[in-house]
Amino acid sequence: MGKRRKKRQVARLAVQTFFFGIIVMVLLMHYAFVEHTPTFPPQPKSYDVIVVGQGLAADLAAITAADKGALVLYLQMSEPEADTSSVYLPVFWAADSSYQRIAGIEYLPETMANEIYRQGEFFGSYPQILALSLASAESLRSLTTLTGQQFIQLDPDNPGLHWGEEDAVKEIALRLAEKLETRDLIEKANMQPQSLLTEKGQVVGLVAIGPDGHEEKIYSRAVILADGGFGSNLELLRKYSGIEGVMKRPEAGHLGRGLQLAQEIGARTVALDLVHLEVLAVGTGKLFTLPQSLVAEAYIFAADGRRLELQEGESFTDLLQQNGGKAFLVFTGEQPALVPFKPTVVKDQEFLAFALKTSPSVLKEQLAELPPPYQLLSVGLVALTPGGLAVNENYQVMAAVEPITGLYACGELTGGLHGRAAICQLFFTETIVSSLLAGENAAHYALR
13 MGKRRKKRQV
23 ARLAVQTFFF
33 GIIVMVLLMH
43 YAFVEHTPTF
53 PPQPKSYDVI
63 VVGQGLAADL
73 AAITAADKGA
83 LVLYLQMSEP
93 EADTSSVYLP
103 VFWAADSSYQ
113 RIAGIEYLPE
123 TMANEIYRQG
133 EFFGSYPQIL
143 ALSLASAESL
153 RSLTTLTGQQ
163 FIQLDPDNPG
173 LHWGEEDAVK
183 EIALRLAEKL
193 ETRDLIEKAN
203 MQPQSLLTEK
213 GQVVGLVAIG
223 PDGHEEKIYS
233 RAVILADGGF
243 GSNLELLRKY
253 SGIEGVMKRP
263 EAGHLGRGLQ
273 LAQEIGARTV
283 ALDLVHLEVL
293 AVGTGKLFTL
303 PQSLVAEAYI
313 FAADGRRLEL
323 QEGESFTDLL
333 QQNGGKAFLV
343 FTGEQPALVP
353 FKPTVVKDQE
363 FLAFALKTSP
373 SVLKEQLAEL
383 PPPYQLLSVG
393 LVALTPGGLA
403 VNENYQVMAA
413 VEPITGLYAC
423 GELTGGLHGR
433 AAICQLFFTE
443 TIVSSLLAGE
453 NAAHYALR
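Under the working numbering, the letters of the sequence shown match residues 13 to 460, in that order.
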């Protein structure tokens, strides 16, 4: 009886072992013919050039580097949609241009450099100013070829200044955005750069956080910082210049992130305390150029609805700065000088009171029963920053003495041209020429 039970157990075990063996063989054969991709930690991506920023300078630097054959990653920072492309005047400062030669005007790069150096009270970087002057005519030609915009009106008082159409800067921004779509480069939007990657004193990429919140290391041979100055960062404005009472810039960038990234690895800065204030017609991107005598005829209201009045000897800029940097101007009657600034025509006093955040009864007293229609204009005080990162003639960012290998900057982020002044006619030229030079030199370094 015991022997029979033992035989049955042995037989059952043999059958179980046989079927288990078959199952194992089937599984092994199945997985032998299935293609498996081994999983590893994600490898850091690498590019020739990374451009950090958004807007005129960043677009042009990215296009230029790509046109020179570099594999470009255009890292667009996360920020609200911009109201305008730029607050710069539509004027290009150039020497020995084709327009000057046609007009029979001899205006040499040395002449241009000396004039800029003089206007900056002899505090600018003359080698940098001369490099910009030498590259100005070719930069103007490249800009016209790329965007179709021409700057053909020579200033009668300064033949170096080439004036374009009123909306030239806006049109250039639109054309550059279109050209980006045709270039072989990679764009990443809503990225927040956290730090620059360095090895043995050289910049080799950066760390950024994407829209999903994940941190990403991105390697490159060169990085171009092109996110503007710090005119929209009210904290940095207070820190470096003590200036308050301004509004944020209406265009993208100018939050000072590129400045901070470079400072963290020892970049040198120049003239950060130098800030230039301009009054802007909000929503147009145009500098508000009405004479003070006409402004004095307006009814001025603060952003919170309070009535403001210009005191004797007080400038409109001072009034804005003391009241948060924004105000509304209300005009009555025909004012042809307002047309370029596109005022809102208000035909009802109640609607005007709503726009000004005040009550109709109070407004009626303040307007002394002047009948509609009214012309309403919103203005704000913005900060332009002539100072910034110290760069050499190739727009490499400088450390204490030597340039930081692999790091470039362009646009309003850089300093050195304006000296101890803010040369309004130079901002647009500086942006274009520096972006072309930074893009070209960064690509050349990356592809060497």
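Glycine included, each C-beta is placed from N, C-alpha and C at the ideal position.
Nonlocal neighbours in the same chain, by C-beta distance under 6 Å from residue i, ignoring five residues either side
i, result
"Q162", "T156"
"E199", "Y86"
"A283", "G399 and G427"
"F135", "G431 and R432"
"Y457", "A234"
"Q131", "A433 and I435"
"L286", "P398 and G399"
"L142", "A125"
"L419", "V215, V235 and V409"
"F52", "Legend: pLDDT at F52 = 41, less than 50; position of this residue unreliable, value from coordinates given subsequently. Closer than 6 Å at the Cβ level, and outside the excluded window around F52, lies no residue."
"L461", "Shown here, the chain extends from 13 to 460; a query on residue 461 therefore has no answer."
Within 9 Å, strictly: CB atoms of residue i and residue j
i, j, result
"L218", "F242", "no"
"L246", "L271", "no"
"P102", "E177", "yes"
"A234", "V258", "no"
"R187", "V394", "no"
"L375", "L364", "yes"
"L68", "A180", "no"
"G392", "L322", "no"
"F328", "A367", "no"
"E228", "K57", "yes"
"P171", "Y119", "yes"
"A82", "V64", "no"
"S98", "E290", "no"
"Q334", "I255", "no"
"M203", "G225", "no"
"S232", "Y59", "yes"
Buried versus exposed, by CB contacts within 10 Å (16 or more), residue i
i, result
"I444", "buried"
"V403", "buried"
"A314", "buried"
"L167", "Contrary to the premise, residue 167 reads as Asp rather than Leu in this sequence. The residue is exposed, with fewer than 16 neighbouring Cβ atoms inside 10 Å."
"A349", "exposed"
"R269", "buried"
"A274", "buried"
"E362", "exposed"
"K338", "buried"
"Q66", "buried"
"A115", "exposed"
"K212", "exposed"
"D71", "buried"
"A412", "exposed"
"I117", "exposed"
Three-state secondary structure (DSSP) of residue i
i, result
"Q55", "Model confidence at Q55 stands at a pLDDT of 48, short of 50, so the residue's coordinates are unreliable; what they give is reported in the following sentence. Correct three-state label for Q55: coil."
"E211", "strand"
"A434", "coil"
"N202", "strand"
"Y386", "strand"
"R460", "coil"
"A339", "strand"
"Q161", "coil"
"L246", "helix"
"F300", "coil"
"D60", "strand"
"V351", "helix"
"A107", "coil"
"T356", "strand"
"K376", "helix"
"A149", "helix"
"E228", "strand"
"G451", "helix"
"E326", "coil"
Sequence-distant residues of its chain with Cβ nearer than 7 Å to residue i (five each side left out)
i, result
"E133", "G431, R432 and A433"
"L197", "A74, A78, V84 and Y86"
"D509", "There is simply no residue 509 to check, as the chain begins at 13 and stops at 460 in what is shown."
"L379", "Y311"
"T344", "L382 and Y386"
"L306", "A349"
"A149", "A106, A107, D108 and S109"
"A454", "V61, A77, A234, I236 and Y420"
"A371", "According to the sequence shown, residue 371 is Ser rather than Ala. If we look at S371 and ignore the five residues flanking it on each side, its Cβ neighbours are A365."
Contacts around residue i, its chain only, beta-carbon distance under 8 Å, and the 5 residues preceding and following it disregarded
i, result
"Q165", "H174, W175 and G176"
"E452", "T76, A77 and K80"
Inter-stretch contact at 8 Å, needing at least 3 Cβ pairs: the segment 424-431 / the segment 391-404: Enough Cβ pairs lie closer than 8 Å, so yes.
ask   = Are at least three pairs of beta-carbons, each pair with one atom in the segment 310-322 and one in the segment 272-283, less than 8 Å apart?
value = no
Quiz prompt | Segment contact flag, the segment 404-415 with the segment 354-369, C-beta cutoff 8 Å, min 3 pairs | solution = no
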